[in-house]
Structure formats: structure tokens, C-alpha cells
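*Asks:* In my numbering, the protein residues as written are 291 to 503.
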Amino acid sequence: MKKIIMFFAGLILLALTGVAIYLVGGIYDAGSNQKIYPFFFQPNNLSSQRPGVPQTPEYIGETQFMDLLVRKYISEYFYAAPDTENIARRTKADSALALMSSTAVFDEWYTNEAAIIQQLAENKSMRIAKVIDKIYQPNGSKYWVVNYELTTWEKPNDFSIQPTVTRGTMYMDISYEMGMIDNVNIDVLHNYLEEGGDPAAVFKFRVNQIIQG
């Protein structure tokens with residue numbers, strides 16, 4: 291009788307061992323069979339501000355595409371970061387602003403606005419710029435009217451101080467055609483983008499003259 295009991299006890303232990311091995315194997319497989327499910331956080335309630343499939347210039351349309359480039363230009367022209375290296379990069383001849391501007395416009399920016407941005411950077415201030423109205427070109431004029439707003443935080447890490455908000459108007463002489471620049475070898479453009487160059491600078495967009503309003 292004792293031998294029979296020991297026999298069945300052995301069978302039970304063997305079965306329990308098999309179950310334990312099965313469970314351990316299942317846990318091991320679950321650990322090795324990992325999957326990554328990417329998610330994008332929604333940065334804005336507007337659909338235009340959410341990540342999505344890149345759109346072609348033709349799909350966006352010539353008017354809206356130029357509007358986007360003008361908004362990018364205004365941001366590059368005025369924004370300030372609390373980092374002196376940032377303004378140092380932007381004053382180089384291969385910066386986005388330089389490539390999107392005529393020599394005269396860039397030199398004027400370098401002499402005037404860049405000096406202000408340099409001072410803001412040294413003071414650890416921050417400034418953002420945005421276009422506040424629809425850009426338009428009056429009949430018979432070669433200038434586009436661009437109204438913008440600057441918001442400047444003078445003191446870093448002090449949220450008790452309200453930012454300074456100013457507004458202004460630029461009258462911009464702009465040359466623009468749909469498409470990417472074609473007077474440069476495609477490999478040069480490819481390397482420029484691969485090395486982190488600003489995509490806005492590879493389109494047929496050039497600011498020839500600016501009159502401050």
C-alpha cells in the first residue's frame with residue numbers, strides 16, 4: 291500500500307514539475323516576444339498641428355506653401371534662445387536665414403536684429419515670433435504685408451514676470467516659385483539635409499528686400 295501511495299505521489303510531483311516548466315517557458319517566451327507600439331502625443335487641438343503623413347507642395351498649394359515659408363522666415367528672423375551658440379550658428383553663411391535672404395537683407399539683419407538677439411541670449415532671455423494675420427500683397431505693389439507679434443521673456447525662470455508683447459509690420463519683396471532649387475546638385479542638397487540642414491532653405495524662396503513698418 292505504501293508503495294502505491296509513493297507511486298501516485300511521484301506521478302503528482304512529475305505532473306507539477308511539468309506544469310512549472312510549462313509556465314516558466316511561457317514567461318520566457320513572453321519576455322522575448324516584445325512588441326513596440328508607437329504613439330504620438332497630440333500637441334495641439336488643431337488637426338494641422340498634429341503629426342501625420344508629410345504633404346507635398348502640390349497638395350498644400352502654392353499660396354499656403356508660401357505662407358508657411360514666410361512664417362518660418364519671420365520666426366528665424368526674430369526668435370531668441372537663451373543660448374549664445376544658437377545665434378552664432380544663425381549668423382553663418384549656410385544658416386537657413388542666410389540661404390533664404392538676399393545678401394543685402396542678411397547683412398542688414400546681421401548688423402541690427404542679430405545684435406539684439408545676441409544681447410537677449412547673453413541675458414538668458416527668450417523670444418518667440420509669429421505671424422498674426424494673413425499675409426497679402428496689395429494690388430500694384432511688389433511688397434507682401436506681413437504683420438507679426440513678438441513675445442519676450444526677459445528674466446529666466448521667473449514666471450511672476452509677464453512677458454513683453456510687441457507687434458510690427460514688415461513689407462517684404464519676395465521671389466518665390468513652387469519646387470526645390472534646381473541650380474544645385476541633388477547630392478549636395480541630400481547631404482545638406484542629412485547633416486541636419488533646415489528643409490525650408492532648399493525651396494525657391496528668397497527675400498530680396500525688407501522695409502520695417
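For each residue, glycine too, the CB sits at the ideal point set by N, CA and C.
Using the beta-carbon count (16 or more within 10 Å), is Lys-420 buried or exposed?
*Replies:* Taking the first residue of the sequence shown as 1, we reach residue 420 at position 130. Counting Cβ neighbours within 10 Å, Lys-420 comes out exposed, since fewer than 16 surround it.
*Asks:* Below 8 Å, can you find three or more Cβ-Cβ pairs linking the stretch 467-481 to the stretch 493-501?
*Replies:* Touching, per the Cβ criterion.
*Asks:* From Leu-358 to Pro-347, what distance separates their C-alpha atoms?
*Replies:* On the sequence shown, residue 358 is found 68 positions in, with the first residue counted as 1. On the sequence shown, residue 347 is found 57 positions in, with the first residue counted as 1. Going from the Cα of Leu-358 to the Cα of Pro-347 covers about 11 Å.
*Asks:* Is the beta carbon of Thr-381 closer than 9 Å to that of Ala-404?
*Replies:* Translated into positions along the sequence shown, residue 404 becomes position 114. Translated into positions along the sequence shown, residue 381 becomes position 91. Cβ atoms of Ala-404 and Thr-381: closer than 9 Å.
*Asks:* Tell me which same chain residues have a C-beta within less than 7 Å of the C-beta of Ser-450, skipping the five on either side of it?
*Replies:* For the purposes of this step, residue 450 is taken as the residue at position 160 of the sequence shown. Nothing meets the Cβ criterion.
*Asks:* DSSP state of Ala-371, grouped into three classes?
*Replies:* Stepping through the sequence shown from its first residue, residue 371 is reached at position 81. Ala-371: coil per DSSP, three-state reduction.
*Asks:* My assumption, with CB atoms under 8 Å, is that Pro-446 sits in contact with Lys-414. Please give the rounded CB distance.
*Replies:* Working through the sequence shown from its first residue, we reach residue 446 at position 156. Working through the sequence shown from its first residue, we reach residue 414 at position 124. Indeed, because the Cβ distance is near 4 Å, the residues count as touching under 8 Å.
*Asks:* Does Asp-384 come out as helix, strand or coil in the three-state DSSP assignment?
*Replies:* Translated into the one-based positions of the sequence shown, residue 384 becomes position 94. In the structure shown, Asp-384 sits in coil (DSSP, three-state: anything other than H, G, I, E or B).
*Asks:* Which residues in the same chain as Ala-386 place their Cβ atom closer than 7 Å to its Cβ, once the five residues preceding and following it in sequence are excluded?
*Replies:* Against the sequence shown, residue 386 aligns to sequence position 96. The residues are Glu-366, Asp-488, Ala-490 and Ala-491.
*Asks:* Looking at Val-436 and Tyr-461, is the spacing between their C-beta atoms short of 9 Å?
*Replies:* Reading the sequence shown from its first residue, position 171 is the one you call residue 461. Reading the sequence shown from its first residue, position 146 is the one you call residue 436. In contact: Tyr-461 and Val-436 (Cβ atoms closer than 9 Å).
*Asks:* Which stretch, first to last residue, makes up the beta strand (DSSP E) that contains Ala-243?
*Replies:* This structure cannot settle anything about residue 243, because the visible part of the chain is limited to 291 through 503.
*Asks:* Between the C-alpha atoms of Gly-351 and Ile-364, what's the straight-line distance to the nearest angstrom?
*Replies:* Your numbering for residue 351 matches position 61 in the sequence shown. Your numbering for residue 364 matches position 74 in the sequence shown. Distance between the alpha carbons of Gly-351 and Ile-364: 20 Å.
*Asks:* Under the assumption that Tyr-438 contacts Ile-464 (Cβ atoms under 8 Å), give the Cβ distance between them as a whole number of angstroms.
*Replies:* The sequence position of residue 438 within the sequence shown is 148, counting from 1. The sequence position of residue 464 within the sequence shown is 174, counting from 1. In fact, because the Cβ distance is near 15 Å, the residues do not count as touching under 8 Å.
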